[in-house]
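Q:
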Amino acid sequence: MTEQKLISLVIDEIIEHKLSHYRMKNREYSKLNIELTQLGNKMQSVLVELSAEKADIINLYIAKHADLADKDCAFLYAQGAKDCVKLLKRLGVL
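Going left to right, the sequence shown walks through residues 264 to 357 as our numbering numbers them.
(1) Please confirm if the segment 281-294 is in contact with the segment 306-322, defined as three or more CB-CB distances below 8 Å between the two stretches.
(2) Over what stretch of residues does the alpha helix (DSSP H) that includes M264 continue unbroken?
(3) What did DSSP end up calling S314 once you bin it into helix, strand or coil?
(4) Less than 8 Å between the beta carbons of I321 and L331, yes or no?
(5) From the DSSP output, in three-state form, read off L354 for me.
(6) Quick check: I274 and Y340, are their CB atoms within less than 8 Å of each other?
(7) To the nearest angstrom, report how far apart L323 and E266 are at their CA atoms.
Encoded structure:
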């Protein structure tokens, strides 16, 4: 395993741990998650009324959108860590 792959795995674990903690403790997140689940159930009832081809297009769009959001989050986390190190160096802490 390459060093970059190992670093990526460690970052993924840190992100997942922090997100899990945040999701459990944040009431606003919990409320939005419940709303999203309810909307998801409604969406499924709408999707069954569509042709399989149309439903597949919508499901693929949603999956790709989620994939992009995941990539955005991973980038922002890594960039935040880099920016933090730069700031600490400028402040003379590192």
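By construction, the Cβ of each residue, glycine as well, lies at the ideal position given by its N, Cα and C atoms.
Because the structure is a prediction, the values reported are computed rather than measured.
A: For this structure:
(1) Taking a cut-off of 8 Å for Cβ pairs, the segment 281-294 and the segment 306-322 do not touch, as fewer than three such pairs fall below it.
(2) Here the question's residue 264 lines up with position 1 in the sequence shown. The continuous stretches of alpha helix (DSSP H) do not include M264, and DSSP gives it neither H nor E.
(3) Taking the sequence shown and counting its residues from 1, the one referred to as residue 314 is at position 51. In the structure shown, S314 sits in coil (DSSP, three-state: anything other than H, G, I, E or B).
(4) Taking the first residue of the sequence shown as 1, we reach residue 321 at position 58. Taking the first residue of the sequence shown as 1, we reach residue 331 at position 68. Not closer than 8 Å, so no.
(5) Translated into positions along the sequence shown, residue 354 becomes position 91. Three-state result, L354: coil.
(6) To locate residue 274, count along the sequence shown from 1; it is residue 11. To locate residue 340, count along the sequence shown from 1; it is residue 77. Yes, they are a contact pair.
(7) Mapped onto the sequence shown, residue 323 falls at position 60. Mapped onto the sequence shown, residue 266 falls at position 3. Computed Cα separation, rounded: 33 Å.
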